[in-house]
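Trainee: Quick one: the structure is below, and I'll ask about it shortly.
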């Protein structure tokens, strides 16, 4: 199986009106996505943020669960949080993996050309460069990130008759990890 990593982008992402913004890091996203990624065998979880103070916050959260009181109280969470790598840009994450990486973006919005979860699962089972699943915060990834992608994964479809589809990024990540790596 190919190496699979996740990346959570906080800039450039969109706000509700479609403007490019920077979002804040949340403890829940870091903690929950790291645990899901570790459960499904992803080798790393990159947290991408351009603001040094936000990266420091993410580092403190990681350290709480790897070296601090969180690690002593609930040691089962330590291995997952050790897989968190905090970087300034998507390019930094790509460089950390040696530069030869396929970027697969995710979105709640359908795109003209998208890779089904079933086909993605087959491709991951083969050989090739590592794959980075790129998730956006806010209202999704800016087009500049999507334009760099090698693939765009199909959205997680809502089963509601009204089409409501507004998952948290941590829920969407867990669902996608299961669809791509879960037992069948």
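Numbering (the working numbering), first residue to last: 5 to 188.
Glycine included, each C-beta is placed from N, C-alpha and C at the ideal position.
1) Could you check where the alpha helix (DSSP H) with residue 8 kicks off and where it finishes?
2) Tell me whether residue 78 is buried or exposed, calling it buried when 16 or more other Cβ atoms sit within 10 Å of its Cβ.
3) Looking at the unbroken beta strand (DSSP E) that takes in residue 108, where does it start and where does it end?
4) Using the three-state DSSP reduction, which class does residue 88 fall into: helix, strand or coil?
5) For residue 64, count neighbouring Cβ atoms within 10 angstroms of its own Cβ and tell me buried if that reaches 16, exposed if not.
6) Would you mind reading off the limits of the beta strand (DSSP E) that contains residue 74?
7) How long is the line joining the alpha carbons of residue 113 and residue 176, rounded to whole angstroms?
8) Taking the C-alpha atoms as reference points, what is the distance between residue 36 and residue 174?
Mentor: Straight from the coordinates:
1) That residue, residue 8, is in no alpha helix (DSSP H); its beta strand (DSSP E) goes 8–13.
2) exposed
3) 106–109
4) strand
5) exposed
6) It is not in any beta strand (DSSP E) - residue 74 instead sits in the alpha helix (DSSP H) that spans 73–77.
7) 13 angstroms
8) 6 angstroms
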